[in-house]
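Q: Pasting a structure below so you can have a look.
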Amino acid sequence: MLRSFARTFASCGIFLLFPWFPEAQAQSFSVGTATAAPGRKSTGYLEVPAGIDAATNIPVIVINGEKHGPVLALVSGAHGTEYTSIIAIEKLINLLDPSQIVGTVVLVPLVNIQSFEQKVPHVNPIDNKSMNRFYPGKADGTQTERASFLITKQVVDRCDYLIDYHGGDLDESLRPYAYWAPTGKETQDGISKEMVLAFGLDHIIIWRDRPTDLGATRYLDNTSTARGKPSIVVEAGYAGVVEPDDVALLVDGTLSTMRALKMLSGDPRHIENPVWLRQSCGCLVRRPWSVVPLCKAWYLCARGNENRLCHRLFRQGHTRSPRSRLRCHLAHQRSPVPQERRQHCRYRDHCRPRPVDLI
Ligand SMILES: [Zn+2]
């Protein structure tokens, strides 16, 4: 009897982490100007009013399941030239069927409209601010701050879980990876860890010691995390290139995470033995722009040094991955990244670019 109880507990242990969403009549759900009845999709805008600079309208889509359940927010395009993540959310808008969903999905596919339209990486060209650095925002600030304020009120405050999508920007060549930011709160961390494992990206950076002041949370996912909502960041795509495999990683990862959250039927597909990185390499290596088409420029630890270096610097635990790659950036000359941050990575001697056909 005891043994069978233990077995049952173990088999459903992870689900005990999740809050219970009682059976209730699904109701209409509104975000910005989008209102979706149960079983419907609706599109609209988060209307950012004019202030000391211009107004802007940020598209928002509400997909409201027929059954009552949690609210999951999917946000991309804070950096409007990280195309892979934006296209992945667009695919999900079409793919997600409200008749199959338990709960509600709020999708914001393109936060930074002006970055997208003007092909400006990293910042909103209206006020020259990154749209993932000024949360929770200010009602009377510049456009980025007003937009962040609206997203905090309309999206973060009203969701239960959040995923923020990024990737290598026009001048960055990043491999796919995720961030997991533990808070020390066991239940919340258990759910966010389940989310990041279910998403399935094979490199996970553990991001500790993030701002906890609710008035200065800085990043979108941290704004959600600090408010007690399990959240993760996922990254795929690089240098303005959109590869179907990268889009598929984000789309399939989202569906798997929704299965883990019991918002879709079926079993999630967890990543086995991800590489847990204690910190990002953080190096910005200046290289000619022309190298991008020749290789993905995923700077890998040099063969031979790979295991030793990665284990010493970045690895945590005893899990292993077939390849240990470091996350590095590829910055070209016109990058707005401050000059002092473009110094050689101190690990650069151990890293080298590798042509795509060798990866
Ligand atoms: Zn980004």
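Be aware that the sequence shown starts at 229, since it is given in the working numbering, and climbs by one per residue. A virtual CB, placed ideally from N, CA and C, is assigned to each residue, including glycine. Predicted model only: the values in this text are computed from it and were never measured.
#1: Quick check: does the Cβ of ALA306 come within less than 8 Å of any heavy atom belonging to ligand 1?
#2: Kindly indicate which residue of PRO458, LEU483, LEU448 has the alpha-carbon position closest to the one of TYR363.
#3: Does ligand 1 have even one heavy atom less than 8 Å from the beta-carbon of GLY412?
#4: Does LYS319 come out as helix, strand or coil in the three-state DSSP assignment?
#5: Using only the heavy atoms of ligand 1, determine whether one of them is closer than 8 Å to the beta carbon of HIS394.
#6: I need the DSSP call for PHE246, collapsed to helix, strand or coil.
#7: Apart from the five residues on each side of it in sequence, which residues of its chain come closer than 8 Å, Cβ to Cβ, to PRO247?
#8: Which complete beta strand (DSSP E) runs does the region 454 to 481 hold, if anything under 3 residues is left out?
#9: Applying the criterion that 16 or more other CB atoms from any shown protein chain within 10 Å of the CB defines a buried residue, is ASN322 buried or exposed?
#10: Compute every distance between the C-beta of ASN450 and the non-hydrogen atoms of ligand 1, then say whether any falls below 8 Å.
#11: Using only the alpha-carbon positions, how far apart do PHE542 and GLY481 sit?
#12: So, using beta-carbon positions, are SER358 and ALA306 closer together than 9 Å?
#13: By the three-class DSSP mapping on this structure, what secondary structure does LYS413 have?
#14: Smallest Cα separation from GLY279: which of GLN371, ASP392, THR380?
#15: So the alpha helix (DSSP H) ILE341 belongs to, where does it begin and stop?
#16: Can you tell me whether ASN352 sits near ligand 3, meaning its C-beta is under 8 Å from at least one heavy atom of the ligand?
#17: Over the uninterrupted beta strand (DSSP E) stretch that includes SER270, give me the two end residues.
#18: Quick one: is GLY456 buried, meaning 16 or more other Cβ sit within 10 Å of its Cβ, or exposed?
#19: Look at the alpha carbon of ASN450 and the alpha carbon of THR284, and state the distance between them as a whole number of angstroms.
#20: Out of ASP417, LEU274, LYS421, ILE291, which one is the CA nearest neighbour of ASP325?
#21: Which residue or residues does DSSP assign as beta-bridge partners of PRO287?
#22: Can you say whether LYS413 is buried or exposed, counting buried as having 16 or more other CB atoms within 10 angstroms of its CB?
#23: Please confirm if the region 493 to 506 is in contact with the region 414 to 433, defined as three or more CB-CB distances below 8 Å between the two stretches.
#24: Going by CA-CA distance only, name the one from ASP474, GLN253, GLU345, LEU477 that's closest to GLY331.
#25: How is the beta strand (DSSP E) around PHE362 delimited, first residue to last?
#26: Consider the C-beta atom of ASN356 and the heavy atoms of ligand 1; say whether any pair is separated by less than 8 Å.
#27: Use the C-beta contact count for ASN356: other C-beta atoms within 10 angstroms, 16 or more gives buried, fewer gives exposed.
#28: Any idea which residues DSSP pairs ASP392 with across the strands?
#29: Measuring alpha carbon to alpha carbon, tell me which of ARG497, ALA282, GLY465, ALA301 ends up nearest LEU398.
#30: Ligand 1 and ASP474: does any heavy atom of the ligand fall closer than 8 Å to the residue's C-beta?
#31: Beta-carbon within less than 6 Å of GLY241's beta-carbon, same chain only, minus the 5 sequence neighbours each way: which residues are those?
#32: Specify the secondary structure class of GLY331 as computed by DSSP and reduced to three states.
#33: Which of helix, strand or coil does DSSP assign to PRO252?
#34: How far does the beta strand (DSSP E) with TRP265 in it reach, from first residue to last?
#35: Can we count GLU310 as close to ligand 1, meaning its CB is less than 8 Å from some heavy atom?
A: Straight from the coordinates:
#1: yes
#2: LEU448
#3: no
#4: helix
#5: yes
#6: coil
#7: PRO298, ASP388
#8: 459 to 463
#9: exposed
#10: no
#11: With a pLDDT of 32 at PHE542, under the threshold of 50, the modelled position of that residue is not reliable, and no figure is offered here.
#12: yes
#13: coil
#14: GLN371
#15: 341 to 346
#16: By its list of ligands, the structure shown excludes ligand 3, since it contains just ligand 1.
#17: 268 to 276
#18: exposed
#19: 24 Å
#20: ILE291
#21: TYR273
#22: exposed
#23: yes
#24: GLN253
#25: Element bounds for PHE362: n/a, residue is neither H nor E.
#26: no
#27: exposed
#28: VAL303, VAL461
#29: GLY465
#30: no
#31: Because the pLDDT of GLY241 is 48, which lies under 50, any placement of that residue in the model is unreliable, and the question is left without a value.
#32: strand
#33: Note on identity: in this sequence residue 252 is Ala, with Pro being the wrong assignment. Coil, per DSSP.
#34: Trp is not the amino acid found at residue 265; the sequence shown has Ala there. Unbroken run through ALA265: none, as it is neither H nor E.
#35: yes
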